[in-house]
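Working notes, structure below.
In full-length UniProt numbering, the protein residues as written are 1 to 321.
Have a look at this one:
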């Protein structure tokens, strides 16, 4: 456990060394973490108060094992419509992905392990790169999520800039509990809500800046180790226990931990995120007829994309009419 923590801390240190150079405003406060090259995105125009998709920083967390099996599907579908807003955070270089994504592929120095320190290391890289970008919203998703940019923007527009916003879907029907270390070898039991990372979540800049003392650079890994919980739980802990904020639950975010077949086809265009996977031993995907067969499109993401964007070149002509 100690070795994993040290590896996570080392990864967090190296990524921010690059990311911190993007913004002199944060140079003194952000610890290094592992982004090879930070995105060249500027802050939203002060003359455009209405939120635009270009004001949203979307991150996809992945690992080398899923570069081919998961990421290529996302790049062919929803990422093709959010190319300038989306950044993929991984643990290993990939020439093929580099050609397709350019500077939007962020290779961290985080471990490829599916461990708390490794996942927290990547989340720290995502968080700090967002801070340095100057954009208004940070939205995290996993590599098995489909993001509907129209639905996402519509939802984010409902929240005023003056409010702290932590938005997502809890995977539990109750707050999670954690033991928080206190001075003199004491602990305190805390409970809080968190948005499951598998469904995606969003945080606005106003709240993210307040989170920085516990979330920027190596501090995110340290905070996660303190409560011994994964990265998505740690985000909820910082927001609710350290800042006194609250999760704004939304039924429009979805992970493979829920029964996706319950969503009707007419509801799909309104959902912000969708997912696929195996749940309770069965393939768990949305129920959607054509244009591709389940064998051709087991995740149903390609069929969904043609429903939302029938002008996509590879969508069958029948759908495009």
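For each residue, glycine too, the CB sits at the ideal point set by N, CA and C. Just so it is clear, the structure is predicted and the values come from calculations on it, not from any experiment.
query                                                                                                                                                                         : result
Going along the chain, which residues of its own chain have a beta-carbon closer than 6 Å to the beta-carbon of residue 104, five neighbours each way excluded?               : 87
Once you ignore the five residues that flank residue 175 on each side, which residues in its own chain have a CB closer than 8 Å to its CB?                                   : 191, 192 and 193
Enumerate in chain order the residues of its own chain whose CB-to-CB distance from residue 164 is below 6 Å, with the five nearest sequence positions on each side excluded. : 206, 207 and 245
Going by beta carbon distance, what residues of the same chain come within less than 8 Å of residue 250, once the five residues before and after it are set aside?            : 155, 167, 168, 169 and 272
Just list the residues that DSSP pairs residue 140 with in beta bridges.                                                                                                      : 59 and 201
Do residue 62 and residue 324 have their beta-carbon atoms positioned less than 8 Å apart in this structure?                                                                  : One cannot answer for residue 324 here, as it falls past the ends of the chain, which runs 1 to 321.
On a Cα-Cα basis, can you pick out the residue from 200, 78 and 91 that is closest to residue 64?                                                                             : 91
Just to confirm, are residue 231 and residue 197 a CB contact at a threshold of 8 Å?                                                                                          : yes
Taking the C-alpha atoms as reference points, what is the distance between residue 228 and residue 254?                                                                       : 25 Å
For residue 212, tell me which candidate among 160, 129, 78 and 141 has the shortest Cα-Cα distance.                                                                          : 129
Taking residue 79 as the reference, give the member of 144, 134 and 95 with the closest Cα.                                                                                   : 144
Could you check what DSSP says for residue 230 in three-state terms: helix, strand or coil?                                                                                   : coil
Would you call residue 112 buried or exposed, if buried means 16 or more other Cβ atoms sit within 10 Å of its Cβ?                                                            : exposed
Measure the alpha-carbon distance for residue 69 versus residue 117 and round it to whole angstroms.                                                                          : 24 Å
Answer yes or no: do residue 303 and residue 290 have a C-beta to C-beta separation smaller than 8 Å?                                                                         : yes
Is residue 218 buried or exposed, if buried means 16 or more other CB atoms sit within 10 Å of its CB?                                                                        : buried
Would you call residue 122 buried or exposed, if buried means 16 or more other Cβ atoms sit within 10 Å of its Cβ?                                                            : buried
Within its chain, find whatever has a CB closer than 6 Å to the CB of residue 214; leave out the 5 residues flanking it on each side and keep chain order.                    : 223, 238 and 242
If we ignore side chains and look at the alpha-carbon of each, how far apart do residue 51 and residue 57 end up?                                                             : 12 Å
Count the other CB atoms within 10 Å of the CB of residue 136; is the residue buried (16 or more) or exposed (fewer)?                                                         : buried
State yes or no: is the C-beta of residue 108 within less than 8 Å of the C-beta of residue 132?                                                                              : no
Alpha carbons only, please: which of 216, 257, 287 and 85 is nearest the one belonging to residue 139?                                                                        : 85
Under 8 Å between the Cβ atoms of residue 288 and residue 268?                                                                                                                : yes
List the endpoints of the continuous alpha helix (DSSP H) containing residue 279.                                                                                             : Where residue 279 is concerned, there is no enclosing alpha helix (DSSP H), although the beta strand (DSSP E) it sits in stretches over 277–279.
Residue 284 and residue 308 - do their beta-carbons sit closer together than 8 Å?                                                                                             : no
When DSSP labels each residue in this structure, what does residue 64 get in the three-state scheme?                                                                          : helix
Per the DSSP calculation, residue 178 is bridged to which residue(s)?                                                                                                         : 190
Identify which residue in 53, 233, 76 and 54 has its Cα closest to the Cα of residue 314.                                                                                     : 76
Indicate the three-state DSSP secondary structure (helix, strand or coil) for residue 129 in the structure shown.                                                             : helix
I need the DSSP call for residue 161, collapsed to helix, strand or coil.                                                                                                     : coil
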